[in-house]
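Undergrad: Handing you this structure, nothing more for now.
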Amino acid sequence: MSKKIVLHLVLIALTFALLTACAAPTPEPVKPTVPPASSSSSVASSAPASSSSSVAPTAVPPTVAPTATTPKPTNTPEKAVDLEIWLIPTSSQAPAPADNWIGYKTIKDKLNINLKYVALPTGADGETKLNAAAAANALPDFFETVSTTSERNKLIDLNKQGLVAPVDSLLPMMPTRVKTHYNDPSSFTLANIDGKQMGFVEKPNLPRREGLVIRKDWLDKLGLKMPTTVDELIAVAKAFTTQDPDGNGKNDTYGIGGFFDGSWGGGQRFAFIWGAYGVPDLWNWGDPANFGLSVRTPEFRQALEKFRAINDAKIIDPDWATINRDEFRIRWPQGRYGIMWEDFSALSSPANYAKFDVNFPTGEWVPVPALKGGSGKNYLAAYGSVGIFTAVSKKSMDAGKGPAIAKLLEWMASPEGYYLLGFGVEGVNYKLDKDGVVTTEGLSDPKLAWTDASQQANTQMRNQLIYINDPKEVQARYPSSASKNGRTISQMAFYQFFSTQPWLDSIPGQLILKPSNQADLQRYYNENFQAFALGTKPLNDQTWADFLKGLDANVNAAKWEADTKKLLQDAGVLKK
Amino acid sequence: MFKSFRRDELGFQLLINAFLLIVLLAIVIPLWRVIMTSFTPLDVYMKGGTPMFQLPWQWSLGAYEQLLTHPTFPRATLNSIIITLGGTALSLFLTIPLSYALSTRTLPGRRIIIALILFTFLFHVGLIPTYLLVAKTLGWSNNFLAVIVPPAVGVTNVLVMMRFFEGIPDEIKESARIDGANDLQVLWSIVLPLSKPIILTIGLFYAVYYWNEFFSPMLYLNDQNLQTLPVLLRSILIGQNFSEYVDVDVSQAASIESLKSAAVLLTMLPMVLVYPWIQRYFTKGTLLGGVKE
Chain V
4 MSKKIVLHLV
14 LIALTFALLT
24 ACAAPTPEPV
34 KPTVPPASSS
44 SSVASSAPAS
54 SSSSVAPTAV
64 PPTVAPTATT
74 PKPTNTPEKA
84 VDLEIWLIPT
94 SSQAPAPADN
104 WIGYKTIKDK
114 LNINLKYVAL
124 PTGADGETKL
134 NAAAAANALP
144 DFFETVSTTS
154 ERNKLIDLNK
164 QGLVAPVDSL
174 LPMMPTRVKT
184 HYNDPSSFTL
194 ANIDGKQMGF
204 VEKPNLPRRE
214 GLVIRKDWLD
224 KLGLKMPTTV
234 DELIAVAKAF
244 TTQDPDGNGK
254 NDTYGIGGFF
264 DGSWGGGQRF
274 AFIWGAYGVP
284 DLWNWGDPAN
294 FGLSVRTPEF
304 RQALEKFRAI
314 NDAKIIDPDW
324 ATINRDEFRI
334 RWPQGRYGIM
344 WEDFSALSSP
354 ANYAKFDVNF
364 PTGEWVPVPA
374 LKGGSGKNYL
384 AAYGSVGIFT
394 AVSKKSMDAG
404 KGPAIAKLLE
414 WMASPEGYYL
424 LGFGVEGVNY
434 KLDKDGVVTT
444 EGLSDPKLAW
454 TDASQQANTQ
464 MRNQLIYIND
474 PKEVQARYPS
484 SASKNGRTIS
494 QMAFYQFFST
504 QPWLDSIPGQ
514 LILKPSNQAD
524 LQRYYNENFQ
534 AFALGTKPLN
544 DQTWADFLKG
554 LDANVNAAKW
564 EADTKKLLQD
574 AGVLKK
Chain Z
12 MFKSFRRDEL
22 GFQLLINAFL
32 LIVLLAIVIP
42 LWRVIMTSFT
52 PLDVYMKGGT
62 PMFQLPWQWS
72 LGAYEQLLTH
82 PTFPRATLNS
92 IIITLGGTAL
102 SLFLTIPLSY
112 ALSTRTLPGR
122 RIIIALILFT
132 FLFHVGLIPT
142 YLLVAKTLGW
152 SNNFLAVIVP
162 PAVGVTNVLV
172 MMRFFEGIPD
182 EIKESARIDG
192 ANDLQVLWSI
202 VLPLSKPIIL
212 TIGLFYAVYY
222 WNEFFSPMLY
232 LNDQNLQTLP
242 VLLRSILIGQ
252 NFSEYVDVDV
262 SQAASIESLK
272 SAAVLLTMLP
282 MVLVYPWIQR
292 YFTKGTLLGG
302 VKE
């Protein structure tokens, strides 16, 4: 027995030896190196005068691929600067770049920066990690202010704690990036707090990318026309539900499919109905004089009555209030819906479309123009998405790393950085066609194509810091494919259609602070909304008035509206 | 089979068996569905979801292939194994002597020590102070010790083990002491050989904890070479969920649900394999030897 015990002890000791050996060495304390003044000033001197101000850069027209030259490495500091950046990765299922990634080497050679990239977990875990680091004053040099609610609010919180540094002084050091990435003042100023630019607002991942689509093959089979109004849409949906549009002899189709995304009211997936009446957003941005919650407008109720009619007529998947996105995306490729709201890439990317194509080779989705409802203005929906918020930690700025961060960001906007971090190595991971569009055609080893799953580690920052949504770039990112019966499925066509529809700009909504009783307010709002929509509660003048009265009496919505209005007036979004 | 029961007993037995059958089904059906989902080919899934039964030759290993061929999967598995083995070894190394000492009723200050241990159980220190201690004071960022050491001693496990040691008759220990053994020798030579069931049981608890631990690695291990299996699997699944925002096709071999199910089963597998081997110790008597009073 004692031999066994000795054996176990030896095993334990060996395990610990292995454990110690496998643990990464504790990183050496950061030894900040302040680049020579000449380095930063030489870059700054080339910046346009307007960029050096502390406010957001002036708007410039959308750009094509970056044309600036790579920052000259001649004035690099003697000792390399260590920079650690934390970002949500573009492909969280792929690893972070390997230690021998060419990007690290190039950044070291060209910029004299030892870059360390850390992929933040998405969702609440990422926020927890950031919060813990913030509490320990151990924030990285440059990071995304990840939050499950609002990255802007997270930036505000970190600013209140004195953990982030103003970046006004860095803007003149990156003239190219200001033109290519920070060229939308309405977005960029969202990171301006008390007159100081406390972070950067990067490019959004393709705004206005969702839209309403309809089964054209069903329309043709039933001899129907493309709907242009909500009433016409309801008529078409009725036919899709009752006239066996797929011809299988079964009553197994719904005119409309969708799901509740957990936001407000019907959520983004059904906002097209409210868009037809001019009130697609929670807030009534279309009528600044009477700014408030859209639910108070007559148009909102008109749209709700239409939505209720759709539910009453049973021409919508009755599970819309309970299924999630994954379930929804199992159902539509099964041919259950004739009309739905979907992301253009989720609809038409080769892999996603193939799931539908295999079941319905002759099926065809086409986009629907923004519907008309009332007599006023109509929208497809509202868009309020902005890019990620990034910040420089005060600790890092105090250590003199600001210029190095600016240099890195500027290089990422240069052609060299843009292509290397966005697509990989030319000739190996991508090629440029005659029009200068990135393509994977003609690569000697297709498995090394930048789009291949194996290469995702090398472009993990592309959606966060690299891409600029230039048309050529979008064309490269979302290529066309062929359906089973030879039709061209163009992702770009869907995106261009959606993005050029009338959308209501609700980006200033990013400024709005959540009320302290958000959970109660939202629950009250949504429960009543669904009761009206699903028909479990009568919808008449009395019940509607009671609902609106309860909004103020029970969950104090009026105060939130008043606070929001004042906030937006102070920010200059609304006139006083 | 019910002939030997009286009528009232038969009713009771039927009730009990019906209840147990429901419990069994409540466990087996979801597990079976997870297994089926993990093997469902993408085209079958997209046509009609997961079938309840599939013939084995219709199964697809696409989900497993996608997970197992992930470039960092081997490294993450090794990291999880290291953490599990190292953590379990350290935990037992600390828990056994502590429990044994506390089981000795003559230990000076025993009640105070137990109260202090219980205090940490009832009043958790919270995330931020722990992070400050582990990451800042001890400097264990990017070090497996940050994952292994803080939870090394589980209060519940200490109390369970302590109660077990208390149940070992004092006569056995006394006889060893009469033969000249000191406390450590009594522990090694007498108590531990009699304590296989509890050591393996508590060891399994620790092993399951370390194997499944997600939060600490996520918090302290920034270096992707130190990434553990739960962190990796979560990243893969989250990535699938956001596939429409990615320009490339992230899933061509399996559905998201298949990947989720395969990930669940892969994570379960080591513990499922170990459990039958240890199970006999769970049900075995608490003493392997003893004396007649």
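In order, the protein sequence lines correspond to chains V and Z. Each residue of the first sequence is one higher than the last, beginning at 4 in our numbering. Each residue of the second sequence is one higher than the last, beginning at 12 in our numbering. The C-beta atom is built at its ideal place from N, Cα and C for all residues, glycine as well.
Going by DSSP, what residue range makes up the alpha helix (DSSP H) through L215/V?
TA: Counting along the chain, L215/V falls outside any alpha helix (DSSP H), though it belongs to the beta strand (DSSP E) covering E213 to R218.
Undergrad: Would you list, in chain order, the members of the segment 353 to 365 of chain V that have their beta-carbon closer than 9 Å to a beta-carbon of chain Z?
TA: Per Cβ criterion, the list reads P353, A354, N355, A357, K358, F359, V361 and N362.
Undergrad: Considering only residues of the same chain and omitting the five flanking positions on each side of D523/V, which have a CB-CB separation below 6 Å?
TA: If we look at D523/V and ignore the five residues flanking it on each side, its Cβ neighbours are V558.
Undergrad: Could you give the distance in angstroms between the alpha-carbon of G270/V and the alpha-carbon of G278/V?
TA: Roughly 12 Å separates the two Cα atoms.
Undergrad: Which of helix, strand or coil does DSSP assign to A548/V?
TA: Of the three classes helix, strand and coil, the one that applies to A548/V here is helix, per DSSP.
Undergrad: Could you pull the start and end residues of the alpha helix (DSSP H) that W368/V belongs to?
TA: Segment W368 to P370 is the beta strand (DSSP E) holding W368/V; no alpha helix (DSSP H) there.
Undergrad: How about R105/Z: is its C-beta nearer than 8 Å to some C-beta of chain V?
TA: A small correction: the amino acid at residue 105/Z is Leu; Arg does not occupy that position in the sequence shown. For L105/Z, the answer is no, since every Cβ of chain V falls outside 8 Å of its Cβ.
Undergrad: Tell me whether D144/V is buried or exposed, calling it buried when 16 or more other Cβ atoms sit within 10 Å of its Cβ.
TA: D144/V comes out buried.
Undergrad: Between the alpha carbons of R302/V and K569/V, how many angstroms are there, rounded?
TA: A small fix is needed here, since residue 302/V is Glu in this sequence, not Arg. Answer to the nearest angstrom: the Cα atoms are 24 Å apart.
Undergrad: For S3/V, count the other beta carbons within 10 Å of its own beta carbon; 16 or more makes it buried, fewer makes it exposed. Which is it?
TA: Lying before the first or after the last residue shown, residue 3/V is absent from chain V, which here runs from 4 to 579.
Undergrad: Within the present structure, is the beta-carbon of D346/V separated from the nearest heavy atom of the ligand ATP by less than 7 Å?
TA: In terms of ligand content, the structure shown is empty, and the ligand ATP therefore cannot be addressed.
Undergrad: With 16 as the cutoff for other CB atoms within 10 Å, does T539/V come out buried or exposed?
TA: Its Cβ having fewer than 16 others within 10 Å, T539/V is exposed.
Undergrad: Rounded to whole angstroms, what is the Cα-Cα separation between A168/V and E213/V?
TA: Taking the straight line from one Cα to the other gives about 36 Å.
Undergrad: For my contact list, D284/V and L507/V are in at a C-beta cut-off of 8 Å; report their separation, rounded to the angstrom.
TA: Yes, D284/V and L507/V are in contact; Cβ-Cβ is about 6 Å, under 8 Å.
Undergrad: Express the C-alpha separation of N287/V and R339/V in angstroms, rounding to a whole number.
TA: Their backbone Cα atoms lie some 34 Å apart in a straight line.
Undergrad: Whole angstroms are fine: how far does the CA of K206/V sit from the CA of V257/Z?
TA: Residue confidence is low: V257/Z scores 49 on pLDDT, short of 50, so the model does not pin down where it sits. No coordinate-derived value is stated.
Undergrad: Run the CB neighbour count on E564/V, radius 10 Å, all protein chains shown included, and call it buried at 16 or more, exposed below.
TA: Label assigned to E564/V: buried.
Undergrad: Assuming contact is defined by CB atoms lying nearer than 8 Å, are E123/Z and L113/Z in contact in what I supplied?
TA: First, the amino acid is wrong: residue 123/Z is Ile here, not Glu. Not a contact, by the Cβ cut-off of 8 Å.
Undergrad: Going along chain V in order, which residues have a C-beta closer than 9 Å to the C-beta of A146/Z?
TA: A135, A136, A139 and A141, listed in chain order.
Undergrad: If I follow the unbroken alpha helix (DSSP H) through D160/V, where does it start and stop?
TA: Unbroken alpha helix (DSSP H) run through D160/V: E154 to K163.
Undergrad: So what's Q200/V in DSSP terms, helix, strand or just coil?
TA: Q200/V falls in the strand class under three-state DSSP.
Undergrad: Using a beta-carbon distance below 8 Å, is D329/V in contact with chain Z?
TA: So, interface residue.
Undergrad: Are the Cβ atoms of T443/V and A452/V separated by less than 8 Å?
TA: Yes. Within cutoff.
Undergrad: Can you pull the chain V neighbours of D54/Z, defined as C-beta to C-beta under 8 Å?
TA: Here the neighbours are V361.
Undergrad: What did DSSP end up calling R17/Z once you bin it into helix, strand or coil?
TA: It is coil, neither helix nor strand.
Undergrad: Name the DSSP beta bridge partners of A485/V, please?
TA: Paired residues: T491/V.
Undergrad: Going along chain V in order, which residues have a C-beta closer than 8 Å to the C-beta of N28/Z?
TA: Here the premise fails: no neighbours, minimum Cβ distance about 35 Å.
Undergrad: With distances taken from CA atoms, which of F501/V, V371/V, G265/V and D249/V is nearest L209/V?
TA: Among F501/V, V371/V, G265/V and D249/V, the Cα nearest to that of L209/V belongs to F501/V.
Undergrad: Does the pairing of the segment 409 to 426 of chain V with the segment 34 to 49 of chain Z give three or more beta-carbon distances under 8 Å?
TA: These segments do not touch.
Undergrad: Can you tell me whether A384/V is helix, strand or coil according to DSSP?
TA: If DSSP states are grouped into helix, strand and coil, A384/V belongs with the strands.
Undergrad: Since A192/Z is in the alpha helix (DSSP H), which residue starts that stretch and which ends it?
TA: Looking at the DSSP string, A192/Z is not in any alpha helix (DSSP H), and its letter there is neither H nor E.
Undergrad: Would you give the residue range spanned by the alpha helix (DSSP H) that I124/Z belongs to?
TA: Counting along the chain, the alpha helix (DSSP H) containing I124/Z begins and ends at R121 to L133.
Undergrad: For chain Z, check one thing: does any of its Cβ atoms lie closer than 8 Å to the Cβ of A68/V?
TA: Here A68/V scores only 47 on pLDDT, less than 50, and its place in the model should not be relied on; the value that follows carries that caveat. No, its Cβ sits nowhere closer than 8 Å to a Cβ of chain Z.
Undergrad: In or out: N254/V buried (at least 16 other Cβ within 10 Å) or exposed?
TA: With fewer than 16 Cβ atoms within 10 Å of its Cβ, N254/V is classed as exposed.
Undergrad: Kindly indicate which residue of A394/V, S457/V, N466/V and Y386/V has the alpha-carbon position closest to the one of A416/V.
TA: Cα-wise, what sits closest to A416/V is N466/V.
Undergrad: Could you give the uninterrupted runs of the alpha helix (DSSP H) lying entirely in the segment 186 to 230 of chain Z, keeping only those of 4 residues or more?
TA: Entirely contained in the segment 186 to 230 of chain Z, the alpha helix (DSSP H) runs reaching 4 residues are, in chain order, 207 to 223.
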